[in-house]
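A.B. asks: The numbering used here applies: residue 21 is where the sequence shown begins, and numbers increase by one.
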Amino acid sequence: MADFVKLRVGLAQINPTVGALSDNSAKILDYYNQAVVAKCDLVAFPELSVTGYPPEDLVLKDGFVADNMTALAKIVTVVGDTVAVIGFVDRDEDSGEIFNAAAVVRNGAVLGVYRKHLLPNYNVFDEQRYFKVGVDNPLFMINNVCVGVTICEDIWDANGPVAVQASLGAVLNININGSPFHGGKLSVRHEMLSARARDNKCVVAYVNQVGGQDELVFDGGSMILAGDGTLIASANQFREAFLVCDLDLPTSRSVSAPLQTRGEVDEPLSEIAQVHSALVVGTRDYVLKNGFTDVVIGLSGGVDSALVAAIAVEALGASHVHGVSMPSRYSSPGSRTDAQDLATSLGIEMQTISIEPAFSSYLEMLKPSFANRQADLTEENLQSRVRGTTLMALSNKFGWMVLTTGNKSEIAVGYFTLYGDSVGGYAVIRDLFKTKVYELCEFINTRSDREVISRAIIDKAPSAELRPDQRDDQSLPPYDILDLILGLYIEDDATAQEIIALGYDAELVKRISRLVDVNEYKRRQGPPGVRVSTKAFGKDRRLPITNRYKG
Numbered sequence: 021m022a023d024f025v026k027l028r029v030g031l032a033q034i035n036p037t038v039g040a041l042s043d044n045s046a047k048i049l050d051y052y053n054q055a056v057v058a059k060c061d062l063v064a065f066p067e068l069s070v071t072g073y074p075p076e077d078l079v080l081k082d083g084f085v086a087d088n089m090t091a092l093a094k095i096v097t098v099v100g101d102t103v104a105v106i107g108f109v110d111r112d113e114d115s116g117e118i119f120n121a122a123a124v125v126r127n128g129a130v131l132g133v134y135r136k137h138l139l140p141n142y143n144v145f146d147e148q149r150y151f152k153v154g155v156d157n158p159l160f161m162i163n164n165v166c167v168g169v170t171i172c173e174d175i176w177d178a179n180g181p182v183a184v185q186a187s188l189g190a191v192l193n194i195n196i197n198g199s200p201f202h203g204g205k206l207s208v209r210h211e212m213l214s215a216r217a218r219d220n221k222c223v224v225a226y227v228n229q230v231g232g233q234d235e236l237v238f239d240g241g242s243m244i245l246a247g248d249g250t251l252i253a254s255a256n257q258f259r260e261a262f263l264v265c266d267l268d269l270p271t272s273r274s275v276s277a278p279l280q281t282r283g284e285v286d287e288p289l290s291e292i293a294q295v296h297s298a299l300v301v302g303t304r305d306y307v308l309k310n311g312f313t314d315v316v317i318g319l320s321g322g323v324d325s326a327l328v329a330a331i332a333v334e335a336l337g338a339s340h341v342h343g344v345s346m347p348s349r350y351s352s353p354g355s356r357t358d359a360q361d362l363a364t365s366l367g368i369e370m371q372t373i374s375i376e377p378a379f380s381s382y383l384e385m386l387k388p389s390f391a392n393r394q395a396d397l398t399e400e401n402l403q404s405r406v407r408g409t410t411l412m413a414l415s416n417k418f419g420w421m422v423l424t425t426g427n428k429s430e431i432a433v434g435y436f437t438l439y440g441d442s443v444g445g446y447a448v449i450r451d452l453f454k455t456k457v458y459e460l461c462e463f464i465n466t467r468s469d470r471e472v473i474s475r476a477i478i479d480k481a482p483s484a485e486l487r488p489d490q491r492d493d494q495s496l497p498p499y500d501i502l503d504l505i506l507g508l509y510i511e512d513d514a515t516a517q518e519i520i521a522l523g524y525d526a527e528l529v530k531r532i533s534r535l536v537d538v539n540e541y542k543r544r545q546g547p548p549g550v551r552v553s554t555k556a557f558g559k560d561r562r563l564p565i566t567n568r569y570k571g
């Protein structure tokens with residue numbers, strides 16, 4: 021027997037849809053056929069690729085689990101000599117317990133099943149709610165090469181299944197993933213995978229899914245690393261890809277592995293480009309996977325709605341994005357002009373619907389009830405709610421999804437109107453602090469070599485324009501300060517006292533932290549949106565509404 025074997029490995033970086041078992045199966049078979057044409061010895065698909073990831077409480081339905089196993093069985097009948105590693109939900113016939121699993125398939129038969137050992141239960145993950153822990157470490161002889169299989173979280177533990185399988189003889193580890201994106205995640209993954217390959221002196225083939233699923237975006241970035249930790253092949257982020265790499269693998273761990281030939285390595289995107297791509301992919305998939313084709317956006321002439329519109333155009337195309345300017349007595353001429361200029365720049369349709377008739381009617385209707393009371397936030401919120409109702413009317417009539425335009429800074433401190441500007445189907449920039457909104461606008465302009473979003477929009481003082489001469493800085497501290505405090509309080513879980521100890525103004529910190537806490541009830545009622553940070557509102561951060569802790 022030769023000391024070394026050439027193994028051609030394919031990684032199918034696909035975009036499955038949760039619950040679409042037939043469509044997912046068809047996609048798996050399509051990429052399997054590509055692997056056969058490419059003469060791959062083995063092709064790996066992402067975690068739970070049959071069901072889509074994460075299936076959440078769907079796996080609590082016995083019928084869903086049964087249907088997923090039926091779908092896998094149909095795929096198995098088509099698989100030939102090229103080995104396929106396929107993620108699915110496995111069920112123990114005796115106990116009925118379910119597992120996050122990978123089937124290793126060849127020539128119409130399942131050679132074996134690996135069940136995930138390490139079940140994440142933090143941030144957006146709830147796998148211990150559904151799955152039982154796998155305990156076995158089956159190894160697979162593929163063309164005289166000993167191969168181990170692991171699933172996502174398994175590889176993050178230095179002493180986990182990868183190390184165990186290597187100690188049992190594996191020289192190649194196939195790691196299938198549903199690993200969601202956040203800023204900086206790609207470099208963290210690369211560093212970890214390099215260490216795991218190097219520590220265990222085995223080749224690591226990491227395949228990740230791509231695409232949007234509700235709040236989550238999966239960025240792909242599939243890669244293969246040699247036993248010395250060197251990156252030898254990688255796929256693009258944020259789009260489907262089929263990565264093929266020829267590996268020279270020893271037939272025994274007692275034989276030193278040869279140097280691997282460097283294959284196709286994709287140049288990684290900058291971090292701001294990754295965030296931008298995540299917003300585009302997340303928006304596109306949420307809209308299209310939920311059966312919509314078009315979106316409608318309220319264009320105020322401000323930077324937030326400008327960014328949302330620019331992202332929507334890239335995600336869906338200009339003909340599928342509809343802008344609406346809804347001026348009132350407090351809207352400045354500049355804002356109206358800026359909104360129209362943006363629509364022209366993006367090539368989208370924009371209509372103008374004045375909210376003044378409806379707003380005036382509300383004021384007249386409520387006049388007896390509001391007698392002898394000064395105008396205040398109530399009248400400001402009325403305008404926002406009229407705008408929200410207008411957008412929803414257009415949504416109902418034409419079947420357009422409303423995209424909301426609130427950013428993370430505003431959402432954090434409750435600087436938005438419940439049932440007003442928060443009304444909609446998807447909140448594109450809900451996980452972007454205001455300072456990041458500006459950064460992305462500059463990125464879009466720089467990348468486009470023109471002012472897609474005008475300097476007039478970017479440079480103007482932020483304002484809701486709900487009262488005369490209103491500016492955001494009359495209600496909030498400057499965003500560069502606000503966002504630093506919010507980042508510490510929300511994303512780093514620092515207490516108010518810990519933030520004050522860093523040198524921030526005590527009264528300001530107490531005020532901001534209190535605003536974040538008391539507005540939890542408002543955030544709970546908002547639409548989902550793209551997650552791009554390490555801690556977004558929603559699944560990442562689960563705090564009580566009724567909460568008197570003031571630490």
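In this text, a Cβ means the ideal position worked out from N, Cα and C, and glycines have one as well.
1. Once DSSP output is grouped into helix, strand and coil, what is the label at residue 503?
2. Checking the sheet assignment: what are the DSSP bridge partners for residue 372?
3. Given residue 348, which residues of its chain have a CB within under 7 Å of its CB, disregarding the five upstream and five downstream residues?
4. Kindly identify the DSSP beta-bridge partner or partners of residue 166.
5. To the nearest angstrom, how far is the alpha carbon of residue 77 from that of residue 150?
6. Please return the same chain residues whose Cβ sits closer than 8 Å to the Cβ of residue 297, not counting the five positions on each side in sequence.
7. Please look up how many angstroms separate the CB atoms of residue 79 and residue 109, rounded, as I've assumed it's under 8 Å.
8. Compute the Euclidean distance between the alpha carbons of residue 438 and residue 353, then round it to the nearest angstrom.
9. Residue ranges of each alpha helix (DSSP H) run of no fewer than 4 residues wholly in the region 41-82, ordered along the chain?
10. Return the CA-CA distance between residue 231 and residue 384, expressed in angstroms with no decimal places.
11. Going straight from the alpha carbon of residue 247 to that of residue 221, what length do you get?
12. Quick one: Cα of residue 217 to Cα of residue 189, how far?
13. Going by CA-CA distance only, name the one from 24, 435, 423, 131 that's closest to residue 444.
14. For residue 476, which residues from the same chain have a beta carbon less than 6 Å from its beta carbon, with the 5 sequence-adjacent residues on both sides left out?
15. Quick one: using the 10 Å Cβ neighbour count with 16 as the cut-off for buried, is residue 388 buried or exposed?
16. Given a cut-off of 7 Å on the beta-carbon distance, is the pair residue 136 and residue 120 in contact?
17. Using 8 Å for Cβ pairs, my map puts residue 225 next to residue 194. What's the rounded Cβ distance?
18. Go ahead and pull the three-state DSSP assignment for residue 419.
19. Got a sec? Which residues, its chain only, sit under 8 Å from residue 573 by beta carbon, not counting five neighbours each side?
20. If we call anything under 7 Å between Cβ atoms a contact, is residue 144 one with residue 122?
21. Give me the Cα-Cα distance between residue 600 and residue 282, rounded to the nearest whole angstrom.
22. Taking all protein chains shown into account, do 16 or more other C-beta atoms lie within 10 angstroms of the C-beta of residue 139, making it buried, or fewer, making it exposed?
23. When you compare each of 42, 40, 53 to residue 31 by their alpha carbons, which one comes out closest?
24. Can you tell me where the beta strand (DSSP E) holding residue 265 begins and where it ends?
25. Between which two residues does the alpha helix (DSSP H) containing residue 324 stretch?
26. Going along the chain, which residues of its own chain have a beta-carbon closer than 6 Å to the beta-carbon of residue 124, five neighbours each way excluded?
27. Determine the direct distance from the alpha carbon of residue 60 to that of residue 250, and round the result to whole angstroms.
28. Give me whichever residues DSSP pairs with residue 243 in a beta bridge.
29. Taking residue 541 as part of the alpha helix (DSSP H), name the residues at either end of that continuous run.
30. Provide the residue span of the beta strand (DSSP E) that contains residue 23, from first to last.
C.D. replies: Taking the definition as stated:
1. helix
2. 345
3. 375, 376, 379, 403
4. 161
5. 8 Å
6. 239, 257, 258, 289
7. 6 Å
8. 27 Å
9. 41-57
10. 49 Å
11. 4 Å
12. 14 Å
13. 423
14. 358
15. exposed
16. yes
17. 5 Å
18. coil
19. Beyond the ends of the chain as shown, which are 21 and 571, falls residue 573; an answer cannot be given.
20. no
21. In this structure the chain extends from 21 to 571, so residue 600 is not present and cannot be described.
22. buried
23. 53
24. 261-270
25. 323-336
26. 105, 131, 132, 160
27. 22 Å
28. 226, 254
29. 540-544
30. Where residue 23 is concerned, there is no enclosing beta strand (DSSP E), given that its DSSP letter is neither H nor E.
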